[in-house]
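The UniProt record's numbering numbers the first residue of the sequence shown as 1 and each following residue consecutively. First up is the structure itself, then whatever we jot down about it.
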Amino acid sequence: MIDLFNLPNLLRSSWVPLARYKDIIPDRLHPLLCETGSLTALLRSQCGALHVEVLSEQVCKLEREVQDILKCDRALCREVVLYCDDIPVVYGQSWIPESANSLGLNNIGNTPLGERLFDQQAWQRGEIEVTKLQKKTLPSFLPSKDTLGSDICFARRSVFTRQDSKVLVCEIFLNGVKV
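Have a look at this one:
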């Protein structure tokens with residue numbers, strides 16, 4: 001797996017329930033971070049063309065925290081960038097265990113994961129947690145540095161559950177995102 005963004009560092013961030021950050025989330029990000037439905041659908045409604053660039057997709061041994069969340073020790077680790085009108089707006093990481101393959105999450109390719117999760121209404125989103133990240137810790141290819149006069153960006157994560165399978169999704173909101 002390409003270590004584009006150190007997965008363990010993102011996972012070890014100080015994740016807190018969304019309600020604790022609601023008052024400090026910038027207005028432009030509030031609809032995105034608080035979206036309990038499909039982020040993919042929300043972004044698609046706001047831009048002419050939405051597409052996914054898959055950066056990495058590989059089965060890997062999971063860090064302890066992810067093992068505890070997903071109740072397995074290996075999963076497909078997927079890293080993507082979502083683009084609205086060719087502007088990168090979200091960097092996403094997801095951990096998809098083998099048990100999710102038979103539940104419609106196999107052979108995703110360039111399809112946004114959100115389309116699969118929300119098209120099959122049997123997947124249930126757990127609590128949304130958020131964190132603030134220092135922009136200087138982000139990989140250089142992400143266009144989120146030195147803009148908007150802020151040294152931080154926001155990320156969120158959720159666990160989706162269907163039957164006995166869980167999927168962990170983390171999303172970092174880049175400065176190109178607009179709603």
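Even glycine gets a Cβ: it sits at the ideal position worked out from N, Cα and C.
Would you mind stating whether residue i and residue j have Cβ atoms separated by less than 9 Å?
i: ASN107; j: GLU53; result: no
i: PRO97; j: THR40; result: no
i: LEU18; j: ARG156; result: yes
i: PHE160; j: LEU33; result: no
i: ASP164; j: SER99; result: yes
i: TYR91; j: LEU138; result: yes
i: VAL81; j: LEU55; result: yes
For residue i, which of helix, strand or coil comes out of DSSP?
i: ARG78; result: strand
i: ARG28; result: coil
i: LEU174; result: coil
i: ASN107; result: coil
i: GLY92; result: strand
i: GLU115; result: helix
i: GLU35; result: coil
i: ASN55; result: It is Leu, not Asn, that sits at residue 55 in the sequence shown. Of the three classes helix, strand and coil, the one that applies to LEU55 here is strand, per DSSP.
i: THR147; result: Confidence at THR147 is low in this model, with a pLDDT of 45, below 50, so its placement is unreliable and no value can be given for it.
i: LEU50; result: strand
i: LEU43; result: helix
i: ALA122; result: coil
i: GLU98; result: helix
i: LEU70; result: helix
i: GLU129; result: strand
With respect to 8 Å, is the separation between the Cβ of residue i and the closest non-hydrogen atom of the ligand FMN below this value?
i: GLU65; result: Ligands are entirely absent from the displayed structure, and the ligand FMN is therefore not among its contents.
Count the other CB atoms, across all protein chains shown, that sit within 10 Å of the CB of residue i; report buried if there are 16 or more and exposed otherwise.
i: VAL16; result: exposed
i: ILE24; result: exposed
i: ARG78; result: buried
i: ALA75; result: buried
i: residue 244; result: Outside the modelled stretch of the chain, which goes from 1 to 179, sits residue 244, for which no answer is possible.
i: VAL169; result: buried
i: GLU129; result: buried
i: ARG28; result: exposed
i: ARG20; result: exposed
How close, in whole Å, do the beta carbons of residue i and residue j come, if the pair is a contact with beta carbons under 8 Å?
i: LEU133; j: ILE172; result: 7 Å
i: GLY48; j: ASP73; result: Not quite, the Cβ-Cβ distance comes to about 42 Å (not below 8 Å), so this is no contact.
From the beta carbon of residue i, is the nearest beta carbon of chain B less than 9 Å away?
i: CYS84; result: No chain B appears in this structure, which consists of one protein chain only.
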